[in-house]
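Numbering (our numbering), first residue to last: 110 to 424.
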């Protein structure tokens, strides 16, 4: 077992280094593109993206240092360890600010399931919200480099905000695992852009049928079915496929983080990753195939404007 750890940890670190180099290459390409328009614009893009990346790197560090230390469930059936762990859960949930705002009293071990259920509901809403935003952002972007940046932002944002909901940082090993996963999905966002045409030729009918099964009049399915009637709308399907893939990956990262932070029993990291992918596949279409009237409200676009209009007195 120790030999496997000695092999996997350096491999994960190597992958993260490779991901950083990939990210630098993407930034260089964007800066070069902006520099062709104007040298000043190129400098703005360079400093802006560099600041953004540093911010995204500092967020997990800030989270790791400020949130309470991870308390992992015991991996044995030792009654004393289980009792001690559950007692620590009670103390942690008593300090959880979200549970305090909800006025949920945590006094004994019997209150733990109610606390976990409430935190899970809040985490689910956040994960779905970021999934929708990833889907919309990358579907509109239609650029592999921009897609990578969008996915990176929302993946890290999801990990950070889910951790705050449970008021517990992930363990160092879990954090390393999560950011290895993020590196893979960011690279995957770029690779999908490069190989999308071949994917569509092989899977387009199945994709359209799956969207249509979620409802007759949905934002995504209407655009997908229209390509069968109106020539030249293939780019609509390409946008939907890209957005769906990237949303699926962010959804999976969110579910993994949720299962790590909300665990009350012994966990198996490999099983969690597999279960999260299966669950994400089941939920992704129901999340993105929202009715057209609800689409902008789900994205929270213009929400503040609507509130102002409702609060305005015409007189």
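Don't be surprised by glycine CBs; every beta carbon is placed ideally from N, CA and C.
Please report the distance separating the alpha-carbon of residue i from that of residue j.
{"i": "residue 247", "j": "residue 151", "result": "22 Å"}
{"i": "residue 224", "j": "residue 199", "result": "9 Å"}
{"i": "residue 196", "j": "residue 156", "result": "48 Å"}
{"i": "residue 357", "j": "residue 252", "result": "18 Å"}
{"i": "residue 161", "j": "residue 274", "result": "24 Å"}
{"i": "residue 123", "j": "residue 141", "result": "27 Å"}
{"i": "residue 138", "j": "residue 167", "result": "23 Å"}
{"i": "residue 153", "j": "residue 372", "result": "43 Å"}
{"i": "residue 204", "j": "residue 272", "result": "14 Å"}
{"i": "residue 174", "j": "residue 389", "result": "30 Å"}
{"i": "residue 185", "j": "residue 163", "result": "40 Å"}
{"i": "residue 378", "j": "residue 148", "result": "47 Å"}
{"i": "residue 213", "j": "residue 145", "result": "57 Å"}
{"i": "residue 335", "j": "residue 354", "result": "With a pLDDT of only 48 at residue 335, under the threshold of 50, the placement of this residue in the model should not be trusted, and no figure is reported."}
{"i": "residue 187", "j": "residue 382", "result": "26 Å"}
{"i": "residue 374", "j": "residue 228", "result": "16 Å"}
{"i": "residue 347", "j": "residue 232", "result": "30 Å"}
{"i": "residue 226", "j": "residue 376", "result": "18 Å"}
{"i": "residue 143", "j": "residue 370", "result": "41 Å"}
{"i": "residue 127", "j": "residue 255", "result": "19 Å"}
{"i": "residue 219", "j": "residue 210", "result": "20 Å"}
{"i": "residue 380", "j": "residue 131", "result": "29 Å"}
{"i": "residue 245", "j": "residue 393", "result": "13 Å"}
{"i": "residue 159", "j": "residue 133", "result": "9 Å"}
{"i": "residue 270", "j": "residue 180", "result": "18 Å"}
Less than 8 Å between the C-beta atoms of residue i and residue j, yes or no?
{"i": "residue 194", "j": "residue 183", "result": "yes"}
{"i": "residue 239", "j": "residue 267", "result": "yes"}
{"i": "residue 277", "j": "residue 362", "result": "no"}
{"i": "residue 364", "j": "residue 395", "result": "no"}
{"i": "residue 135", "j": "residue 257", "result": "yes"}
Checking contacts by CB at 8 Å: is residue i closer than that to chain B?
{"i": "residue 171", "result": "You won't find chain B in this structure, because it holds only one protein chain."}
Am I right that residue i and residue j are in contact with their C-beta atoms under 8 Å? What's the rounded C-beta distance?
{"i": "residue 72", "j": "residue 236", "result": "An answer regarding residue 72 cannot be provided, because it is not within the stretch 110 to 424 covered by the chain."}
{"i": "residue 264", "j": "residue 359", "result": "5 Å"}
{"i": "residue 202", "j": "residue 191", "result": "Wrong, their Cβ atoms sit about 16 Å apart, outside the cutoff."}
{"i": "residue 221", "j": "residue 243", "result": "That pair is no contact at about 32 Å."}
{"i": "residue 261", "j": "residue 165", "result": "6 Å"}
{"i": "residue 397", "j": "residue 241", "result": "7 Å"}
Closer than 7 Å: is that where the CB of residue i sits relative to any heavy atom of the ligand HEM?
{"i": "residue 367", "result": "Absence of the ligand HEM is noted for the structure shown, with no ligands found whatsoever."}
- Taking only runs of the alpha helix (DSSP H) that begin and end inside the segment 340-379, which ones reach a length of at least 4 residues, in chain order? 343-370
- At what residue ranges does the segment 230-281 contain a whole run of the alpha helix (DSSP H), taking only runs of 4 or more? 253-275
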